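Participant: One structure, pasted below without further comment.
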Amino acid sequence: MQPNTAAAVAPAYASDAIERSPGYWATVWQRFRRDPVAVGALVVISALILMAILAPWITPQDPYKGMALRRLRPPGTEGYLLGTDELGRDMLSRLMMGARLSLFMGVTPVLLAFLVGTSIGVAAGYVGGLLNTVLMRTIDVFFAFPSVLLAIALSGALGAGVTNGLISLTVVFIPPIARVAESVTTGVRARDFVEAARASGAGALSIIRHHVLGNVLGPILVYAMSLVAVSMILASGLSFLGLGVRPPEPEWGLMLNTLRTAIYTQPLLCALPGVMIFITSISFNLLTDGLRSAMDIKA
Amino acid sequence: MMIATQSRLATSAPDHATPLLEVAGLIKHFPIKSGLFGRPSAVVRAVDDISFTVVEGETLGIVGESGCGKSTTARLLMHLIAADAGTIRLSGKTAGTSELPMKTYRSRVQMVFQDSYASLNPRMTIEDSIAYGPGVHGMAGDEAARRARRLLDRVGLDPKRFAGRYPHELSGGQRQRVNIARALALQPKLLILDEAVSALDKSIEAQVLNLLLDLKDEFGLTYIFISHDLEVVRFMANRVMVMYLGRVAEIGPANALYKASRHPYSTALLGSMLSMDPDHRTERAPLTGDPPNPINPPSGCRFHPRCTFAEPVCSTTVPVLAAAGNDHWAACHMAMLASGHSNAKDTAV
Amino acid sequence: MLTYIVKRLLYSLPIMLGVSIVCFMLVHMAPSDPLVSVLPPDASDDLKKQLMALYGFDRPYVEQFIKWLARAITGDLGTSIRTSRPVVREVMTAVANTLSLAAFATFIGFFFGILFGFIAGYFRGTWIDKLASVISVIGVSVPHYWLGMVLVIIFAANLGWLPPTGAGPGGSQNWIWNWEHVRHMVLPAITMSVIPMGIIARTIRALVAETLSQEFIVGLKAKGLSSFGVLRHVVKNAAPTALAVMGIQLGYLLGGSILIETVFSWPGTGLLLNDAIFQRDLPLLQGTILVLATFFVVLNMLVDVVQTLLDPRVARS
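Protein chains in written order, with this note's numbering: chain A, 1 to 299; chain B, 1 to 349; chain C, 1 to 317.
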């Protein structure tokens with residue numbers, strides 16, 4: 001039997017001697033990298049984001065300046081690779097510039113709803129009891145509205161505009177995220193390692209930070225990511241209805257709306273903004289699918 | 001195996017003068033909700049007024065069938081669930097009051113759970129899991145990590161190989177060693193082992209039990225050892241407490257209780273053990289009658305519907321713990337003086 | 001099981017109360033004056049006050065809410081500020097139109113969704129399966145209002161096979177089952193059907209794959225059960241879930257038709273909502289949303305109840 005080890009540090013206990021296994025997220029990344037479809041989706045999304053950030057400096061033309069004489073030129077016109085819109089503005093430049101607001105309006109609500117919904121769901125799931133009942137029954141009320149209806153009703157009542165659009169979409173996505181967060185947290189809370197942490201004298205906040213979040217954020221994140229595609233379509237839909245971004249700002253949904261008048265004369269031109277929305281939302285869906293299967297580790 | 005134990009138990013003979021833990025009148029009832037409006041329609045009397053003490057340096061074994069309240073008792077002692085009534089005193093100080101805040105109490109009393117995998121956070125390295133408790137109590141990160149590695153070494157796991165691993169990479173026995181190290185990280189006085197070896201293979205179980213005995217000597221620990229396995233309890237415990245439907249049926253020195261139990265339930269329970277000696281195997285079925293149901297426990301003595309010695313008094317009067325020998329108590333009308341049972345003595349011996 | 005159904009019915013009551021509170025609050029959340037669309041811009045304060053009192057907007061919120069709710073329960077959703085007609089009449093005409101469109105779309109969506117899902121699940125792992133999952137990813141990713149425009153471009157503008165907008169000839173407002181009206185419905189219904197198609201295909205594929213891999217099916221096959229017999233088991237196992245998804249999707253289409261109705265000028269609730277929003281006709285907005293949400297709650301309840309009747313295990317979980 002060894003004597004009770006003294007305070008002196010044996011070399012074997014030094015931090016750099018320890019063999020370390022790759023962590024959960026490192027393993028997920030390894031698996032994700034081997035999925036060509038998911039990596040492709042990630043590349044497309046990164047390119048779109050990069051385009052959105054750099055748009056003011058890289059657009060070939062001024063996206064706001066139109067020429068009455070050059071209205072509705074078809075794609076392929078000299079100097080206007082993708083043609084011009086109903087006010088004679090360069091389509092390519094407007095599509096590039098439109099990525100800024102479209103991505104912002106699509107991603108931000110999910111991000112905000114992720115923060116708020118996770119907080120609500122984790123609090124309800126961890127504390128349980130009356131708080132859970134009150135929070136979750138309130139959430140149930142919002143589930144009684146189809147999401148499209150709720151988004152349109154809220155932004156309709158609040159009035160058009162980017163901020164009101166963001167608020168409406170955030171409100172729409174909080175309930176589903178909170179419900180998922182609540183159910184995974186309730187599951188984790190019942191596990192023995194949470195009991196063991198409580199037995200070590202830790203307070204609720206420390207346990208949530210160190211033991212609960214690490215186990216629930218993954219599933220909640222995947223779920224939230226699956227909503228980004230929905231959010232992209234909905235946000236552009238709001239602008240399409242005239243409830244989101246207002247002219248002359250370029251935004252894909254709004255462009256789709258204003259180009260509708262040209263549906264018989266320049267059908268290809270009209271379809272372009274929708275193609276952008278479609279590419280973005282399918283990329284987010286494929287990215288989410290890839291991440292979900294990469295995270296499905298049996299351990 | 002048994003011979004080795006005997007000598008070990010002798011070296012760590014309990015000091016009866018200082019009760020480390022005093023439990024008085026502990027009660028926990030769980031309401032069962034059903035019906036349209038979720039009103040409680042019944043209660044499970046999981047733990048129903050139990051009291052006992054644990055002396056410093058000893059091992060108290062708690063045995064009983066599943067559903068008798070052993071695990072609830074453990075969780076109440078750890079204050080993982082709030083008791084409906086009762087007090088817990090550690091070294092004379094009441095837990096959860098200003099003289100012994102719950103956080104301090106929880107650093108002195110620690111617990112090892114049955115499920116070695118579920119009780120480790122799958123997203124934390126072994127080292128971080130062990131170092132978490134000391135961190136909660138204010139220890140700096142690198143110091144806590146060093147303590148974790150030292151403890152890993154002490155429970156027989158090479159820190160170099162194991163500290164940076166995740167729970168799923170370890171075997172059940174290795175994980176339970178980690179759980180023991182985690183419990184020891186707070187330098188507790190009392191360790192509650194709730195079926196801590198029950199899920200392990202027999203060969204691994206013996207290794208872990210020997211480790212526990214070594215650690216007890218080395219760190220001067222006191223154990224509450226909860227198990228359904230009577231053999232293992234005999235190997236580990238100085239004293240044994242038998243529980244039945246949320247009550248204490250009998251409590252006494254392990255040797256006396258295993259040799260001559262004073263409660264018919266204990267006798268039946270011990271009778272269900274397979275004896276190593278073919279001559280001592282019992283012939284009759286040890287336990288008959290309905291399995292115990294803690295929702296509607298029988299009146300009087302809760303064991304009376306299954307007891308071969310049951311008499312009218314048993315179904316009307318609740319037996320209290322009566323002296324049945326040196327430091328040996330049994331809650332049976334046959335052990336109580338003048339209880340009205342025909343087998344009870346009328347006067348003191 | 002009866003207890004469960006009664007419980008489920010009672011559970012819908014607080015939900016409906018919550019829904020009505022949200023609908024009521026929509027009007028009071030609006031930053032502009034609720035009378036903005038009827039008042040002349042130069043209206044005197046006296047006239048404004050008079051009108052506020054007439055519509056009851058000067059009372060405390062709680063009083064307004066209770067009065068509004070009491071009237072709503074009796075079927076009186078107030079008067080449209082713009083048209084001065086009862087909101088209920090406006091909404092019900094629109095609901096009928098949306099319902100026929102949504103029902104048609106659900107039917108198409110489910111027919112193809114189940115077909116794709118079944119084929120993919122039956123031939124799981126093969127190229128047919130992969131193709132079906134590509135189609136379903138496209139289905140859930142495509143902006144349906146854009147798809148509607150593309151279909152108009154192809155089938156109305158280029159080929160001239162079908163009418164691009166409206167519910168019938170000459171701007172007909174009422175749906176009738178005749179050839180001319182069905183022709184108007186084809187494009188919006190196909191567009192709308194894409195939304196549930198992807199989801200139902202995924203659900204059915206998973207269900208079929210799971211059922212086929214279960215031991216009892218393997219056992220039945222080993223005993224010489226024909227593939228038709230196997231199919232019968234698969235259908236029996238998948239039906240309750242498919243039905244539940246179908247009910248909920250119909251609800252989503254009822255509430256989510258606004259974008260498609262705008263593209264096709266379909267005279268349903270979506271177009272009504274659009275009008276209510278842009279004319280700032282708040283009673284109409286409130287009433288339309290309340291009616292749609294009620295439909296959704298009732299539909300969800302029916303789905304749960306029917307599912308329980310089909311599969312008693314649901315009640316216990």
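Every residue gets a Cβ at the ideal spot worked out from N, C-alpha and C, and that includes glycine.
This structure is a prediction, so every number in the text was calculated from the model and none was measured.
My understanding is that Ser116 of chain B touches Ala199 of chain B, with C-beta atoms under 8 angstroms, so please give their C-beta distance in whole angstroms.
Facilitator: Yes, Ser116 of chain B and Ala199 of chain B are in contact; Cβ-Cβ is about 7 angstroms, under 8 angstroms.
Participant: Which stretch, first to last residue, makes up the alpha helix (DSSP H) that contains His144 of chain C?
Facilitator: Its alpha helix (DSSP H) spans residues 144-151.
Participant: Between which two residues does the alpha helix (DSSP H) holding Glu261 of chain C run?
Facilitator: Element bounds for Glu261 of chain C: 258-264.
Participant: Could you tell me the distance, in whole angstroms, from the CA atom of Tyr126 of chain A to the CA atom of Asn121 of chain B?
Facilitator: Using only the alpha carbons, I get a separation of about 16 angstroms.
Participant: Any C-beta of chain C sitting closer than 9 angstroms to the C-beta of Phe94 of chain A?
Facilitator: According to the sequence shown, residue 94 of chain A is Arg rather than Phe. No - not a single Cβ of chain C is within 9 angstroms of the one on Arg94 of chain A.
Participant: Please report how far the alpha carbon of Phe155 of chain C lies from the alpha carbon of Val212 of chain A, in whole angstroms.
Facilitator: Rounded to the nearest angstrom, the two C-alpha atoms are 54 angstroms apart.
Participant: Quick one, are the C-beta atoms of Ala157 of chain C and Pro267 of chain A less than 9 angstroms apart?
Facilitator: It is a contact, given that the beta carbons lie within the stated cut-off.
Participant: Which first and last residues belong to the alpha helix (DSSP H) in which Phe145 of chain A is found?
Facilitator: From DSSP, Phe145 of chain A is part of no alpha helix (DSSP H); its letter is neither H nor E.
Participant: Does the beta-carbon of Asn296 of chain B have 16 or more other beta-carbons within 10 angstroms, so that it is buried, or is it exposed?
Facilitator: Under this definition Asn296 of chain B is an exposed residue.
Participant: What's the gap between the Cα of His210 of chain A and the Cα of Thr125 of chain B?
Facilitator: Their Cα atoms are separated by approximately 12 angstroms.
Participant: Out of C:Ile66, C:His144, C:Phe228, C:Arg280, state which residue places its alpha-carbon closest to the alpha-carbon of Leu212 of chain C.
Facilitator: Nearest option by C-alpha distance: C:Phe228.
Participant: Taking the C-alpha atoms as reference points, what is the distance between Leu9 of chain C and Gly156 of chain B?
Facilitator: One C-alpha to the other measures close to 60 angstroms.
Participant: Any beta carbon of chain A sitting closer than 9 angstroms to that of Ser213 of chain C?
Facilitator: No, its Cβ sits nowhere closer than 9 angstroms to a Cβ of chain A.
Participant: Taking Cβ to Cβ, would you say Ile199 of chain C is nearer than 9 angstroms to Ala242 of chain C?
Facilitator: Cβ distance not < 9 angstroms, so Ile199 of chain C and Ala242 of chain C don't count as in contact.
Participant: Which word fits Lys48 of chain C, buried or exposed, when buried means at least 16 other C-beta atoms lie within 10 angstroms of its C-beta?
Facilitator: Its Cβ having fewer than 16 others within 10 Å, Lys48 of chain C is exposed.
Participant: Which bits of chain A does Val137 of chain C rub up against, with CB to CB less than 8 angstroms?
Facilitator: Chain A residues near Val137 of chain C: Ile282, Asn285, Leu286, Asp289.
Participant: If you follow the alpha helix (DSSP H) that Gly125 of chain A is part of, which residue opens it and which one closes it?
Facilitator: Gly125 of chain A -> alpha helix (DSSP H) spans 91-127.
Participant: For Ile208 of chain A, go through chain B and note every residue whose CB falls closer than 8 angstroms to its CB, in chain order.
Facilitator: Near Ile208 of chain A there are no residues of chain B at all, since even the closest Cβ is about 12 angstroms away, more than 8 angstroms.
Participant: For chain B, is any of its Cβ atoms less than 9 angstroms away from the one on Asp90 of chain A?
Facilitator: Asp90 of chain A does not count as touching chain B.
Participant: DSSP three-state call for Trp25 of chain A: helix, strand or coil?
Facilitator: Note: Trp25 of chain A maps to helix in three-state DSSP.
Participant: Rounding to the nearest angstrom, what Cα-Cα distance links Trp68 of chain C and Thr74 of chain C in this structure?
Facilitator: Roughly 10 angstroms between the two C-alpha positions.
Participant: So, Phe264 of chain C versus Pro164 of chain C, is the Cβ gap smaller than 9 angstroms?
Facilitator: Cβ atoms of Phe264 of chain C and Pro164 of chain C: closer than 9 angstroms.
Participant: Give the C-beta separation of Leu101 of chain A and Val228 of chain A to the nearest angstrom, bearing in mind that I take them to be a contact with Cβ-Cβ under 8 angstroms.
Facilitator: 15 angstroms between Cβ atoms; not a contact.
Participant: By how many angstroms is the C-alpha of Gly220 of chain B removed from the C-alpha of Lys189 of chain B?
Facilitator: Near 7 angstroms, if we compare the C-alpha coordinates of Gly220 of chain B and Lys189 of chain B.
Participant: Could you please give me the residues that DSSP links to Glu250 of chain B through a beta bridge?
Facilitator: Answer is B:Val242, B:Ala330.
Participant: Do you know whose CA, among B:Val55, B:Asp48, B:Leu21, B:Leu20, lies nearest Ile27 of chain B's CA?
Facilitator: Out of B:Val55, B:Asp48, B:Leu21, B:Leu20, B:Asp48 has the C-alpha closest to the C-alpha of Ile27 of chain B.
Participant: Can you name the start and end residues of the alpha helix (DSSP H) that Ile233 of chain A belongs to?
Facilitator: Counting along the chain, the alpha helix (DSSP H) containing Ile233 of chain A begins and ends at 213-241.
Participant: Whose CA, out of A:Pro60, A:Thr84, A:Gly201, A:Pro56, lies closest to the CA of Thr265 of chain A?
Facilitator: Nearest option by C-alpha distance: A:Thr84.
Participant: Just to confirm before moving on: does the CB-CB distance between Phe295 of chain C and Leu254 of chain C stay below 9 angstroms?
Facilitator: It is a contact, given that the beta carbons lie within the stated cut-off.
Participant: Note down, in chain order, every chain B residue with its Cβ under 7 angstroms from the Cβ of Asp192 of chain A.
Facilitator: What Asp192 of chain A touches in chain B: Phe113, Asp115, Ala118, Ser119.
Participant: Just by C-beta distance, which residues in the stretch 279-305 of chain C are closer than 8 angstroms to chain A?
Facilitator: Answer set for the stretch 279-305 of chain C: Leu282, Leu285, Ile289, Leu292, Ala293, Phe296, Val297, Asn300.
Participant: Looking at chain A, is there any beta carbon in it that lies within less than 9 angstroms of the beta carbon of Asn158 of chain C?
Facilitator: Interface residue, yes.
Participant: Whole alpha helix (DSSP H) runs in the stretch 259-307 of chain C with 4 or more residues, listed along the chain?
Facilitator: The qualifying runs are 269-278.
Participant: Quick one: give me the first and last residue of the beta strand (DSSP E) that Met67 of chain A is part of.
Facilitator: Element bounds for Met67 of chain A: n/a, residue is neither H nor E.
Participant: Nearest chain A C-beta to Ser141 of chain C closer than 9 angstroms, yes or no?
Facilitator: Output row for Ser141 of chain C: interface = yes.
Participant: Could you tell me whether any Cβ in chain E is nearer than 9 angstroms to the Cβ of Ala153 of chain A?
Facilitator: Given the protein chain composition of this structure (A, B and C), no chain E is represented.
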